[in-house]
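Here the structure is laid out as structure tokens; the discussion comes afterwards.
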Amino acid sequence: IATPADASHMMRMGLDGIFVGSGIFKSDDPPNMADAIVMATAHYDDANKVAEAMAMTEGDPMKGDELETLEIRLDQRGW
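Take the sequence shown: its position 49, counting from 1, is numbered 55 in the numbering used here, and each next residue is one higher.
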């Protein structure tokens with residue numbers, strides 16, 4: 007979960023809750039992102055509220071990592 011829209015989508019899919027960690031702490035503005043994700047989760051069935059939550063998030067959400075830059079590839083371990 008990296009954006010308020012992600013949180014809303016998960017709730018609309020029927021999840022009874024979500025865990026957000028890196029999505030908040032690796033964003034450009036963690037306190038604001040946390041507030042926006044809480045708002046989108048609480049009002050997941052209200053498109054206007056979700057849009058309002060998205061508008062609260064200035065800057066970039068959590069950035070992903072390119073596979074080529076990873077020192078350890080967990081998908082290549084095991085059997």
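C-beta: ideal position from N, C-alpha, C; glycine also. Just so you know, these numbers come straight off a predicted model, no measurement behind them.
Boundaries of the alpha helix (DSSP H) in which residue i is found, first to last residue
{"i": "Gly29", "result": "Ser28 to Phe31"}
{"i": "Thr75", "result": "First-last for Thr75: undefined, no H or E at that position."}
{"i": "His15", "result": "Pro10 to Arg18"}
{"i": "Glu58", "result": "Ala53 to Met62"}
{"i": "Ile43", "result": "Pro36 to Ala48"}
6 Å Cβ shell around residue i - same chain, five flanking residues per side excluded
{"i": "Ile7", "result": "Ala13, Ile24, Val26 and Gly29"}
{"i": "His49", "result": "Lys55"}
Spatial neighbours of residue i in its chain, beta-carbon cut-off 8 Å, leaving aside the 5 residues before and after
{"i": "Glu58", "result": "Met45"}
Candidates the options: closest to residue i by CA position
{"i": "Pro10", "options": "Lys55, Gln82 and Gly20", "result": "Lys55"}
{"i": "Met19", "options": "Asn38, Thr47, Ser33 and Met39", "result": "Thr47"}
{"i": "Thr63", "options": "Ala40, His15 and Asp22", "result": "Ala40"}
{"i": "Asp34", "options": "Met60, Glu74, Asp22 and Gly65", "result": "Gly65"}
{"i": "Met60", "options": "Asp22, Ala42, Glu72 and Met17", "result": "Ala42"}
{"i": "Lys69", "options": "His15, Met17, Lys32 and Arg79", "result": "Lys32"}
Other residues of its chain near residue i: CB distance less than 7 Å, five sequence neighbours each side excluded
{"i": "Pro36", "result": "Ile30"}
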